[in-house]
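J.: Take this structure first; my questions come after.
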């Protein structure tokens, strides 16, 4: 009669020793664990698009349109006066 309980105990231990690692491998292969560690999705509209503006020390030549520095008086590309 004690043999039935021993077999049941061995089956339970075998299930834990073999079944748990197989379950972990199956979750990793199926992407189940990535869903657990995934960050929450971002809320729409919270991020503003990057703004592209000229640096503070630069301006454009009124004649040719190329970027010139604020301290320049003459455009190096076309020779036009900047002041």
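Numbering (our numbering), first residue to last: -11 to 71.
Backbone N, C-alpha and C define an ideal beta-carbon position, used for all residues, glycine too.
So what does DSSP say about residue 58, is it helix, strand or coil?
T.: Counting from one through the chain shown, the residue named residue 58 turns up at place 70. It is coil, neither helix nor strand.
J.: Classify residue 63 as buried or exposed, calling it buried when 16 or more other Cβ atoms lie within 10 Å of its own Cβ.
T.: The residue given as residue 63 occupies position 75 in the chain shown. Under this definition residue 63 is a buried residue.
J.: Would residue 49 be called buried (16 or more neighbouring beta carbons within 10 Å of its own) or exposed?
T.: Here residue 49 refers to the residue found at position 61 of the chain shown. The residue is buried, with at least 16 neighbouring Cβ atoms inside 10 Å.
J.: So, helix, strand or coil for residue 68, using DSSP?
T.: Taking the chain shown and counting its residues from 1, the one referred to as residue 68 is at position 80. It is coil, neither helix nor strand.
J.: Suppose you measure from the CA of residue 17 to the CA of residue -5; what does that come to, to the nearest Å?
T.: In the chain shown, the residue the question calls residue 17 occupies position 29. In the chain shown, the residue the question calls residue -5 occupies position 7. Cα to Cα, the separation comes out at about 32 angstroms.
J.: Applying the criterion that 16 or more other CB atoms from any shown protein chain within 10 Å of the CB defines a buried residue, is residue 56 buried or exposed?
T.: Here residue 56 refers to the residue found at position 68 when the chain shown is read from its first residue. The residue is buried, with at least 16 neighbouring Cβ atoms inside 10 Å.
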